[in-house]
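Shown next, in structure tokens, is the structure this report addresses.
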Amino acid sequence: MGIPGSTIWTAVRIADITDGTSNTIAHGEHAVGLLTDEDRIANGPSWACGWYGDTIFTSFYPLNPQRKVQNVYGDGLTEAFIGAASSFHPGGANFAMADGSVRFIKDSIDSWPMDHQTAVPLGVIQDSNGLFQLTGGTQFHVYQRLTTRNYGEVISADSY
């Protein structure tokens, strides 16, 4: 996960995707219709903008958090909703893989367990610089691994 303005937000060449392009998500859906009209105008996805919630998503939150994480949508505008991939499809969402294929990934994909009150994955803490860190034996689950490009894993399609 990058921070705008940091060196993490740089161009990625196909050769940089060492996990394999069929094992790496390039883009996912956003269920923009879940936003209020006010939030959609002020913060909703827009291809021309390039802002974090517009054209990219994070796997920090589960797929379709609106179905999984309770009590985080008090004002209709939360990081979990804006930052996560989501859809109105029953049971999952569509994702474009780096190889150009499109795959439907199920809501039931193995993902980090979430603290339903804070919407932060269990085993993840925020350090004094505001960066999230994995604690102890916490590891990426299948969904999180699909959003990395050089984590070293090969994921069987029956995992998602």
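Quick note: the sequence shown uses my numbering, first residue 4, plus one each step. Every residue gets a Cβ at the ideal spot worked out from N, C-alpha and C, and that includes glycine. These numbers were taken from a predicted model, which means no experiment stands behind them.
Look at the beta carbons and you see the segment 59-71 touching the segment 109-118: at least three pairs across the two are nearer than 8 angstroms. Three or more pairs of CB atoms, one per stretch, sit closer than 8 angstroms, so the segment 18-25 contacts the segment 99-112.
Counted as a single uninterrupted DSSP element, the stretch harbouring residue 106 is not any alpha helix (DSSP H) but the beta strand (DSSP E) occupying residues 105-109.
Annotated as distal: residue 90 and residue 83, with beta-carbon spacing of 8 angstroms or more.
Residue 126 and residue 71 have their C-alpha atoms some 18 angstroms from each other. Listed in chain order, the non-local C-beta contacts of residue 100 below 7 angstroms within the same chain comprise 24, 25, 27, 28, 29 and 106, local neighbours out to five positions each way being set aside. In the three-state DSSP reduction, residue 69 falls in the helix class (H, G or I). In its chain, beyond the 5 residues on either side, 113, 114 and 115 have a beta carbon closer than 6 angstroms to the beta carbon of residue 144. For residue 86, the closest C-alpha among the options 152, 32 and 159 is that of 32.
Here residue 87 carries a coil assignment [DSSP, helix/strand/coil]. DSSP, reduced to helix, strand and coil, places residue 134 outside both helices and strands of the structure shown, so it counts as coil.
Counting along the chain, no beta strand (DSSP E) covers residue 142, and no H or E run does either. Beta-bridge analysis with DSSP links residue 31 to 98. In this structure, residue 153 lies near residue 21, with their beta-carbon atoms less than 8 angstroms apart.
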